[in-house]
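Numbering (full-length UniProt numbering), first residue to last: 1 to 61. Built from N, CA and C at the ideal position, the CB exists for glycine as well.
Now the structure itself:
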């Protein structure tokens with residue numbers, strides 16, 4: 001499990017990379033599971049199943 005940073009909401013993107021469209025915005029301190037990783041520090045996250053990508057710098061382990 002990982003937690004989104006407590007500082008501000010986090011954008012979840014359709015694909016890894018800052019140019020991917022935002023598919024969801026998570027509130028601060030949301031808990032997520034990591035399902036995969038991509039180059040550049042991007043993690044595929046979700047709850048019961050993956051729903052998007054977030055940069056690892058926006059998460060706390």
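If you run the structure through DSSP and keep just helix, strand and coil, what is residue 40? coil
Between the beta-carbon of residue 42 and the beta-carbon of residue 16, is there less than 7 angstroms? yes
Expected contact under 8 angstroms - CB spacing of residue 51 and residue 12 to nearest Å: 7 angstroms
With 16 other CB atoms within 10 Å as the buried threshold, where does residue 58 fall? buried
Using a 10 Å radius around the Cβ and a threshold of 16 neighbouring Cβ atoms, would you call residue 37 buried or exposed? exposed
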